[in-house]
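Worksheet: the structure to be examined is printed underneath.
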Amino acid sequence: MFLYHVEIVTTEDKSLVAAVIAETEEAAFHTAHALTKRQYHPAPTIKTSTLLEKKYVEKGKGYVFAIS
């Protein structure tokens with residue numbers, strides 16, 4: 000499993016960040032999009048989504064992400 004750091008930009012130019020645990024990049028993007036639509040009402044229209052980082056996940060590991 001991997002931890003994916005995904006940036007999502009909506010058509011309103013709002014920048015969102017999702018941290019997703021998934022086995023593949025495709026699954027990570029699918030989950031990030033689903034989480035975005037589930038957690039924001041009304042659901043935003045996604046303009047772009049970009050994979051920023053991919054990290055291997057196992058017990059005892061942790062990562063720090065810079066927010067700019």
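For the sequence shown, numbering that gives the first Met the number 0 assigns the number 0 to the initial residue and increments by one for each residue that follows.
Using N, Cα and C, we set each Cβ at its ideal position, and we do this for glycine too.
Since the structure is predicted, the reported quantities are computational estimates derived from the model, not experimental observations.
Self-check item: Cβ-based neighbour list, Thr-44, same chain, cut-off 7 Å, excluding 5 preceding and 5 following
Solution: Residue 44 sits at position 45 when you count from the first residue of the sequence shown. If we look at Thr-44 and ignore the five residues flanking it on each side, its Cβ neighbours are Thr-9 and Thr-10.
Practice problem: Tell whether a beta-carbon distance below 9 Å holds between Val-5 and Ala-42. | Solution: Working through the sequence shown from its first residue, we reach residue 5 at position 6. Working through the sequence shown from its first residue, we reach residue 42 at position 43. Taking 9 Å as the Cβ cut-off, Val-5 and Ala-42 do not qualify as a contacting pair.
Quiz item: Apart from the five residues just before and just after Ser-48, which ones in its own chain have a Cβ nearer than 8 Å to its Cβ?
Solution: Counted from its first residue, the sequence shown places residue 48 at position 49. Taken in chain order, the residues that qualify are Val-5, Glu-6, Ile-7, Val-8, Phe-28, Ala-31 and His-32.
Self-check item: DSSP state of His-40 mapped onto helix, strand, coil
Solution: One-based indexing of the sequence shown puts residue 40 at position 41. Coil.
Exercise. Output the distance between the C-alpha atoms of Ser-14 and Glu-22, rounded to the nearest integer angstrom.
Key: Against the sequence shown, residue 14 aligns to sequence position 15. Against the sequence shown, residue 22 aligns to sequence position 23. If I take the Cα positions, the gap works out to 24 Å.
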